[in-house]
Amino acid sequence: MGADFASLEDRISALTTKDPEKLKVYTDGYDGHCLRAYGYFGNQMLDIDPDSVESINSIKKKYPDLRQKSKSPTFLLTYGGTYHGLMGLGLTKEEAQSIERNYHRLYEWSDNWVQEKIDQAGIDGYVTVAFGLRVRTPVVKQSLMGSSRTPYEAKKEGRTAGNALGQSYGMLNNRAGIELQERTFDSDFRYDILPVAHIHDAQYFLVRDDLAAVEWLNTNLVECMEWQELPEIQHESVGLGGELSLFYPTWKDEIELPNGADQSTIQAVIKDFLQEAQQAA
Numbered sequence: 000m001g002a003d004f005a006s007l008e009d010r011i012s013a014l015t016t017k018d019p020e021k022l023k024v025y026t027d028g029y030d031g032h033c034l035r036a037y038g039y040f041g042n043q044m045l046d047i048d049p050d051s052v053e054s055i056n057s058i059k060k061k062y063p064d065l066r067q068k069s070k071s072p073t074f075l076l077t078y079g080g081t082y083h084g085l086m087g088l089g090l091t092k093e094e095a096q097s098i099e100r101n102y103h104r105l106y107e108w109s110d111n112w113v114q115e116k117i118d119q120a121g122i123d124g125y126v127t128v129a130f131g132l133r134v135r136t137p138v139v140k141q142s143l144m145g146s147s148r149t150p151y152e153a154k155k156e157g158r159t160a161g162n163a164l165g166q167s168y169g170m171l172n173n174r175a176g177i178e179l180q181e182r183t184f185d186s187d188f189r190y191d192i193l194p195v196a197h198i199h200d201a202q203y204f205l206v207r208d209d210l211a212a213v214e215w216l217n218t219n220l221v222e223c224m225e226w227q228e229l230p231e232i233q234h235e236s237v238g239l240g241g242e243l244s245l246f247y248p249t250w251k252d253e254i255e256l257p258n259g260a261d262q263s264t265i266q267a268v269i270k271d272f273l274q275e276a277q278q279a280a
């Protein structure tokens, strides 16, 4: 069995930067990929109303190719890439530069927030990331940033520090795993649930074939993943969480379990999945 956080890095970026364009994905119900696709390729979607959630979200059906095309550039630009990297994805120089401009126009708030952190690192010699961890930036502190003479090593260190501002919150997965293990040791299922892997924002388990154990894990793991007590990630309507999945008969066969499902619901979900798999075989 296994679970991963729901859009952890996107949610953390929205919560820490307080960027309105990122928060409204969760507060207003926008599809993030659709929103960015319009931001990049809006001139090709003349029938889309940028002020309508329903219209923006319709991009998923009306312009699926453009929505898919937006995903890789977003990932690259989020972590400090430039139009040079976008050209490596097969885009023309003009198209790559246009996407880069539109990305930074869309997320100007976030860009300024990250830059403020890097500027402060030039004074302090470090950036403070998740759980108070300090990522040292000795080269940034000794360099004049933002000029044509800024050393490559300083730019590289600045990008690393900027990325750590978000990626460091992968430690929330460790925190959830530790709390869950403490709960497991105190439960009747201490010998039925075995953690076997943690991979950034996901964790996996070997679980005894017992509906009670599965129900307990589904309830308790999700509660641990919903923890949000760090001041910088607290929000009245944007939360954290995830869904537990059962992998059977192999790790490639995923059965998603609803949050809070009781044993009868879990049993029904598994039964339906296996019946559909059998019919498709």
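Quick note: the sequence shown uses numbering that gives the first Met the number 0, first residue 0, plus one each step.
We treat Cβ as the ideally placed atom computed from N, Cα and C, and that holds for glycine.
Buried or exposed by the 16-neighbour rule on C-beta atoms within 10 Å, applied to Tyr106:
buried
What does the alpha-carbon distance come out to for the pair Arg104 and Thr26?
21 angstroms
Continuous beta strand (DSSP E) stretch holding Ile254: start and end
Glu253 to Glu255
Are Val128 and Leu171 touching if we call contact CB-CB under 8 angstroms?
no
Looking only at DSSP bridge pairs, what is Ile11 linked to?
DSSP output for Ile11 lists no bridge partner at all.
Quick one: what does DSSP say Val113 is sitting in, helix, strand or coil?
helix
For Leu193, does the three-state DSSP call read helix, strand or coil?
strand
Is Leu7 a contact residue of the ligand COA, with contact defined as CB to any heavy atom under 7 angstroms?
This structure does not include the ligand COA; it has no bound ligands of any sort.
Can you name the residues that DSSP bridges to Val126?
Val134
Would you mind reading off the limits of the alpha helix (DSSP H) that contains Asp64?
Pro63 to Lys68
Do Leu243 and Ala5 have their beta-carbon atoms positioned less than 8 angstroms apart in this structure?
no
If you compare alpha carbons, which of Gly80, Arg35 and Leu75 is closest to Ile58?
Arg35
Helix, strand or coil: which one does DSSP assign to Ile198?
strand
Buried or exposed: where does Asn217 fall if 16 or more other Cβ atoms within 10 Å of its Cβ makes it buried?
buried
Cα-Cα, which of Asn258, Pro248, Arg189 and Phe74 is closest to Cys223?
Asn258
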